[in-house]
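Residue numbers (the working numbering): 380 to 1140.
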């Protein structure tokens, strides 16, 4: 990304990569990245499994994307004054800022609902997503200090911050909003946590330090190596204790690294003399293919691997050839590749590239932009290269071209004539304003405070010798009035411009009005830099009285709850109350929410109505008794009498006499029975057959197996004629008797008394 401004530009370049990665560019799509590729604002970069990528930003910032990492780049400004934001979507990144940022520059790493701001340091950020959809963000600081700020769903500062210094880490948990169901990075809440030995997270209480030490052996080997070895021209000063922990972790032999390392570097030992003589500190043995270097003379100094060039170009760096402008080789045989060498003004070899026929070489960025000619004293300014290399068709030796610029003397003086600075400035360039001038002084004549407003001569483009002096103006005075909450004037002060007023101490710190408790928070206007007449009044935190009730009876004591906070639900109260007439109330809820109090609040308990439901047996003995919620159903018992017999009547259970599926009143439920009656048939005193059990309203069965003719004695005979009662509709216990007609024997005799005939009549 090139953003031109005063011949300076930003460079974000891929200078090393392993494995597979992809760059997604708006309006372009996916691009296969190559070494030397320039990245742009808005690019999204992803590394895949067992893959890494190194980026170089402005030659002062280095970024390592570890395997399975996704970031989005936001960058603006020029190489000196710039704003950089690394939006970490997933995975882990190592950040190394080798020079302090300018006052107008920023460098941030953004994680879900958190930002990390730095001004020159070395730190690692990782993001994981757990099975609940929550994010775990960890920050490890190796050098310098990183300020971590938690933000809300709108990206605004929540006021929760942490300063994470060297050798410390901090962990952030971002939980998603269960109501919206959106990803926690979009709609989530972040807070600091501390992880225990079992891997469980405990929320850090407000005011407590969330930072902890971390285990270097849990950092991937390749990341530790990157921290240990940084560019020798942009040294990062690691403290001895941090450096030793990194060395110890890199020397571990029982670790399986996450970056494809198959072996650890040779073990490095340190003796007690190491601290006394840093030059004798041993460094981890380097991979022969590793192009990074270590400054062995100082254990606190590490270097970053040098930048490489695009995929079709192979770049090497090192000492210049013995002859920086060698004689041309004999006419080469026709080939498809040529050697292109770039040299600096002093003969230093900057880059050697093998370039395909007809392709362009890549100009190195490490050439000297300006230098001072030792003979003439002139400033020599780079204007380009002496040979075109857009289409290479032969071996080339390329050198920079410079032009001399005139120099002028620029002198800055203080208000009292003291010489502050003498500078030699190239023609057309800017002088640098000194910072040791007097900002304010008291005029000895008027007593006014004189304030610096600028310089009497412009020096942004110097074209002649200059003498420059400061310009001052007298500060104005303004009236500042402090009032109490009720309008009482507490203090009236005359304050000089840009000076602070003094807040009174006799203001009302707290008061109560209509159940609202007011506690002093701050003054409503800033009074530290007065630039106009000012009225200042106190502002107050509000807390509200919250009461809980059952009917007219208050539950517990009155609570004083800060605005926007939750009241505490009481638990020590009767959750079951009598409502009379067999009716009972059971607590179900509160009549209003109290999780975010914004006014004086009375909260009433809501009770559901329950009615007593009693189940009785056939003899009115109680089977069960329970309270049932209004409009709910009762459950019938199973221990009722299924059947019984009394006085020849047989009873069989058929159901309950009252419905109990939607209870709206106190209810007593009895069983219902069907009746069957004993029916007996008799012949005189003798029962005919067995006793019959006949359902009410049904007919008994007439017996047939009995003697229908009986002897009544004295020649008298009985013959069955009917039953003494009906039995086709039984409604009671019934005895049915056989009815016999009387028959008499009639005998006819002859003269001699012999029987002629006989029959019963």
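Beta carbons are placed, not taken as given, at the ideal position from N, Cα and C, and that holds for glycine.
Beta-carbon proximity check, residue i vs residue j, cutoff 8 Å
| i | j | result |
| --- | --- | --- |
| residue 553 | residue 492 | yes |
| residue 786 | residue 799 | no |
| residue 842 | residue 806 | yes |
| residue 782 | residue 801 | no |
| residue 1024 | residue 1075 | no |
| residue 864 | residue 917 | yes |
| residue 1140 | residue 1118 | no |
| residue 445 | residue 590 | no |
| residue 484 | residue 460 | yes |
| residue 606 | residue 521 | yes |
| residue 1033 | residue 1052 | yes |
| residue 550 | residue 517 | yes |
| residue 573 | residue 585 | no |
| residue 854 | residue 875 | yes |
| residue 935 | residue 951 | yes |
Cα-Cα separation, residue i to residue j
| i | j | result |
| --- | --- | --- |
| residue 907 | residue 519 | 37 Å |
| residue 565 | residue 422 | 20 Å |
| residue 849 | residue 822 | 15 Å |
| residue 466 | residue 449 | 9 Å |
| residue 482 | residue 937 | 52 Å |
| residue 990 | residue 1039 | 11 Å |
| residue 529 | residue 536 | 6 Å |
| residue 457 | residue 440 | 14 Å |
| residue 756 | residue 803 | 10 Å |
| residue 944 | residue 976 | 6 Å |
| residue 1007 | residue 470 | 57 Å |
| residue 982 | residue 953 | 16 Å |
| residue 393 | residue 840 | 36 Å |
| residue 629 | residue 904 | 55 Å |
| residue 523 | residue 477 | 11 Å |
| residue 960 | residue 978 | 39 Å |
| residue 817 | residue 881 | 25 Å |
| residue 987 | residue 949 | 18 Å |
| residue 775 | residue 747 | 20 Å |
| residue 1112 | residue 1028 | 7 Å |
| residue 764 | residue 561 | 55 Å |
| residue 396 | residue 464 | 21 Å |
| residue 408 | residue 737 | 28 Å |
| residue 888 | residue 897 | 8 Å |
| residue 836 | residue 716 | 56 Å |
| residue 1134 | residue 1094 | 15 Å |
| residue 1054 | residue 931 | 55 Å |
| residue 866 | residue 920 | 18 Å |
| residue 1137 | residue 1083 | 29 Å |
| residue 1048 | residue 1001 | 10 Å |
| residue 767 | residue 735 | 15 Å |
Candidates the options, of which the one nearest residue i by Cα
| i | options | result |
| --- | --- | --- |
| residue 1102 | 887, 1019, 1062, 586 | 1062 |
| residue 984 | 955, 1012, 962, 978 | 955 |
| residue 479 | 1089, 501, 403 | 501 |
| residue 846 | 852, 435, 853, 834 | 834 |
| residue 571 | 1065, 494, 630 | 494 |
| residue 617 | 920, 545, 488 | 545 |
| residue 941 | 928, 980, 910 | 980 |
| residue 946 | 928, 1091, 924 | 924 |
| residue 729 | 1065, 999, 437, 779 | 779 |
| residue 531 | 497, 490, 550 | 490 |
| residue 453 | 415, 890, 390 | 390 |
| residue 594 | 568, 624, 1000 | 624 |
| residue 486 | 1085, 527, 920 | 527 |
| residue 1019 | 965, 1003, 992, 468 | 1003 |
| residue 759 | 1013, 790, 789, 808 | 808 |
For residue i, the residue or residues it bridges with in DSSP
| i | result |
| --- | --- |
| residue 1010 | None; residue 1010 has no bridge partner. |
| residue 829 | 820, 853 |
| residue 913 | 859 |
| residue 536 | 530 |
| residue 798 | 792 |
Starting from the N-terminal side, write out each stretch of the alpha helix (DSSP H) that is 4 residues or longer and does not extend beyond the region 1023-1099. none
Continuous beta strand (DSSP E) assignments of at least 3 residues falling wholly in the region 409-450: 423-426, 431-436, 440-444
Continuous beta strand (DSSP E) assignments of at least 3 residues falling wholly in the region 915-983: 917-929, 932-941, 955-959, 962-969
Give, in chain order, every unbroken run of the beta strand (DSSP E) that is at least 3 residues long and sits entirely within the region 558-597. 567-574, 580-582
Any chance you could list the beta strand (DSSP E) runs of at least 3 consecutive residues sitting entirely within the region 462-520, in chain order? 485-490, 493-497, 501-508
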